[in-house]
Structures are given as structure tokens and as C-alpha cells.
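Per numbering that gives the first Met the number 0, the very first residue in the sequence shown carries number 0; after that it's consecutive.
Note that CB positions come from ideal geometry on N, CA and C, so glycine has one too.
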Amino acid sequence: MERIKEEYQRRNSIPLDRAIAKDTSGDYEDMLVALLGHGDA
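Take a look at the structure:
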């Protein structure tokens, strides 16, 4: 997952977790952030 996050940021100039927070909300956002290994979801 770390490699995916690094590559996403390299290609898009924004961290993946920030992009997820911008484009999603609620339980769906919590689930995606948990998959990234952040938050307490």
C-alpha cells in the first residue's frame, strides 16, 4: 500500500489520503482511510 500511496502522490501532486477526504465522506471515507492505515476506523 505504501508504494501505491507514493506513486499516487508522484503522479497527482496530492497525497492519496487527502484526495480520498476531498472526494468522499462518512462511512465510505472512513473505510478507505482505514485501508490506507490511517485513522481509528
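Secondary structure note for residue 30: its alpha helix (DSSP H) is the uninterrupted segment 25-35. In the three-state DSSP reduction, residue 3 falls in the helix class (H, G or I).
Secondary structure of residue 19 (DSSP, three-state): helix. Counting the other CB atoms within 10 Å of its CB gives residue 19 a total of 16 or more, which places it among the buried residues.
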